[in-house]
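Novice: Residue numbering for the sequence shown follows full-length UniProt numbering, starting at 1 and increasing by one per position. Where a beta carbon is used, it is the ideal one built from N, C-alpha and C, also for glycine. Nothing here was measured: the structure is a model prediction, and the numbers come from that model.
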Amino acid sequence: MRHPSALFGTAVVLLLLLSAGLSFIWTPYDPQRANPYDQWLSPSFTHLLGTDNIGRDIFSVLLVGARVTVGVALGSAVVAAIVGIALAALGALTARWVREGVAVLVDVLIAFPTLLIAMMLASAFGGSLLVVVLAVGFSFGVNIGRVSRPELRRVRRADFVLAGRAAGRGPVRNLTTHLLPNVAPVFIVQLSWAMAVAILAEAGLSYLGYGAPSGTPSWGRMLAELQSYIGIHPWSVLWPGLAITLTVLAFNLLGDAIRDVTDPRLTRAPVVTA
């Protein structure tokens, strides 16, 4: 609460969640309804952010598009956490030949960019939000596994872990009781980045036609549909672009703030002077 960047990130993320929840019960206008008589209306009390090329209320479309953003971000984080924990555990807590095999596999997989994997999956199975979630989650899960593996190996040699093993605790219980809580700050930061990248990936893939299906309100699809009018109606493209930028920035700032609070290595005891 003492850091303005943390407050900003928290406020934007809470606003995003509120907008997504509110869109289920209320929107000023039907975001799917086109009205040719209301094309390109400027922002006013009637239409807070104006209307687009087919007369839809931009504010309503942004509210419903927040659902897609939240769903993709949370879904990608869940997939990334599962993949990352599995790879980190296999790479740090198993036999040497397994650890080396996992390390080689991670080095191979990490060479593939997230968007490339998403486009390959979309080409094979068709564009959908599920493809975005799986692609981003898997890609960042590999990153999380690579970053967390040295942390797990470091914590594994700690005295309290060795004491737990001596007391008869199995590897699974040690993993859940001691190892994962001690590498949680690394996971939190990586997952916040995964959610930020997921939002960008969804926007980029929807812009290219691989993300949200046609008819689904999405910030990236809004940019794709309105880009050709940027010269004459720049404010119509401003709102979805600003929403994407602020949301990605907020997730990154919030992840850094949580890391600063939860990472014991960043907590310093006060200096006592005479």
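Report all residues from its chain with a CB closer than 7 Å to the CB of residue 355; omit the five preceding and five following residues, and keep chain order.
Specialist: Given that the chain is displayed from residue 1 to residue 274, the structure contains no residue 355 and the question cannot be resolved.
Novice: Taking the straight line between their C-alpha atoms, what separation do you get for D52 and G71?
Specialist: Residue numbering aside, residue 52 sits at position 52 when the sequence shown is read from its first letter. Residue numbering aside, residue 71 sits at position 71 when the sequence shown is read from its first letter. The straight-line gap from Cα to Cα measures roughly 25 Å.
Novice: Going by beta-carbon coordinates alone, are I110 and R146 separated by less than 8 Å?
Specialist: Within the sequence shown, residue 110 is the residue found at index 110, counting from 1. Within the sequence shown, residue 146 is the residue found at index 146, counting from 1. Yes.
Novice: Where does T245 land, buried or exposed, given buried means 16+ other C-beta within 10 angstroms?
Specialist: For the purposes of this step, residue 245 is identified with residue 245 of the sequence shown, where counting begins at 1. Counting Cβ neighbours within 10 Å, T245 comes out exposed, since fewer than 16 surround it.
Novice: Rounding to the nearest angstrom, what Cα-Cα distance links G141 and L226 in this structure?
Specialist: Here residue 141 corresponds to residue number 141 of the sequence shown, with the count starting at 1. Here residue 226 corresponds to residue number 226 of the sequence shown, with the count starting at 1. C-alpha separation (whole angstroms): 33 Å.
Novice: Tell me the residue span of the alpha helix (DSSP H) that contains R99.
Specialist: In the sequence shown, counting from the first residue as 1, residue 99 sits at position 99. From DSSP, the alpha helix (DSSP H) with R99 extends over R96 to L109.
Novice: Considering only C-alpha positions, which residue in the set A124, M120 and L93 is nearest to V155?
Specialist: The residue labelled residue 155 in the question sits at position 155 within the sequence shown. V155 has its Cα closest to that of L93, out of A124, M120 and L93.
Novice: Determine the direct distance from the alpha carbon of T177 to that of V106, and round the result to whole angstroms.
Specialist: As a first step, residue 106 is located in the sequence shown; it is residue number 106 there, counting from the start. As a first step, residue 177 is located in the sequence shown; it is residue number 177 there, counting from the start. C-alpha separation (whole angstroms): 26 Å.
Novice: Where A88 and A167 are concerned, what is the direct C-alpha to C-alpha distance, given to the nearest angstrom?
Specialist: Translated into the one-based positions of the sequence shown, residue 88 becomes position 88. Translated into the one-based positions of the sequence shown, residue 167 becomes position 167. Going by the C-alpha atoms only, they are around 24 Å apart.
Novice: Look at the alpha carbon of L63 and the alpha carbon of I188, and state the distance between them as a whole number of angstroms.
Specialist: Here the question's residue 63 lines up with position 63 in the sequence shown. Here the question's residue 188 lines up with position 188 in the sequence shown. Distance between the alpha carbons of L63 and I188 is about 27 Å.
Novice: DSSP puts T176 in a beta bridge; with which residues?
Specialist: Against the sequence shown, residue 176 aligns to sequence position 176. None, per the DSSP bridge assignment.
Novice: Output the distance between the C-alpha atoms of R157 and A184, rounded to the nearest integer angstrom.
Specialist: The residue given as residue 157 occupies position 157 in the sequence shown. The residue given as residue 184 occupies position 184 in the sequence shown. R157 and A184: Cα-Cα distance of roughly 17 Å.
Novice: Quick one: measure Cβ to Cβ for D57 and Y29, integer angstroms, because I've assumed they're closer than 8 Å.
Specialist: Sequence index remark: in the sequence shown, residue 57 carries index 57 (1-based). Sequence index remark: in the sequence shown, residue 29 carries index 29 (1-based). With a Cβ gap of about 4 Å, D57 and Y29 count as contacting.
Novice: If we ignore side chains and look at the alpha-carbon of each, how far apart do F251 and S192 end up?
Specialist: Within the sequence shown, the letter at position 251 stands for residue 251. Within the sequence shown, the letter at position 192 stands for residue 192. Going by the C-alpha atoms only, they are around 6 Å apart.
Novice: Between the beta-carbon of S5 and the beta-carbon of L208, is there less than 8 Å?
Specialist: Residue numbering aside, residue 5 sits at position 5 when the sequence shown is read from its first letter. Residue numbering aside, residue 208 sits at position 208 when the sequence shown is read from its first letter. Not a contact, by the Cβ cut-off of 8 Å.
Novice: Mind checking which residues open and close the alpha helix (DSSP H) that includes A81?
Specialist: Residue mapping note: residue 81 aligns to position 81 of the sequence shown, counting from 1. I58 to L93 is the span of the alpha helix (DSSP H), which, as asked, contains A81.
Novice: Could you tell me the boundaries of the alpha helix (DSSP H) in which F140 lies?
Specialist: Position 140 of the sequence shown, counted from the first residue, corresponds to residue 140. That run of the alpha helix (DSSP H) goes L129 to R156.
Novice: Spatial neighbours of P213 within its chain, please: CB distance less than 7 Å, with the 5 preceding and 5 following residues excluded, ordered by chain position.
Specialist: Taking the first residue of the sequence shown as position 1, residue 213 is located at position 213. Closer than 7 Å at the Cβ level, and outside the excluded window around P213, lie G127 and S128.
Novice: Just grab the DSSP bridge partners of T51 for me.
Specialist: The residue given as residue 51 occupies position 51 in the sequence shown. DSSP, once it has assigned bridges, lists D57 as partnering T51.
Novice: Could you tell me the alpha carbon to alpha carbon distance between L195 and I144, rounded to whole angstroms?
Specialist: Taking the sequence shown and counting its residues from 1, one reaches residue 195 at position 195. Taking the sequence shown and counting its residues from 1, one reaches residue 144 at position 144. Note on residue identity: the sequence assigns Met, not Leu, to residue 195. Going from the Cα of M195 to the Cα of I144 covers about 13 Å.
Novice: Is L41 helix, strand or coil by DSSP?
Specialist: Taking the first residue of the sequence shown as 1, we reach residue 41 at position 41. Reduced to three states, the DSSP call for L41 is coil.
Novice: Residue ranges of each beta strand (DSSP E) run of no fewer than 3 residues wholly in the segment 212-248, ordered along the chain?
Specialist: The qualifying runs do not exist here; there are none.
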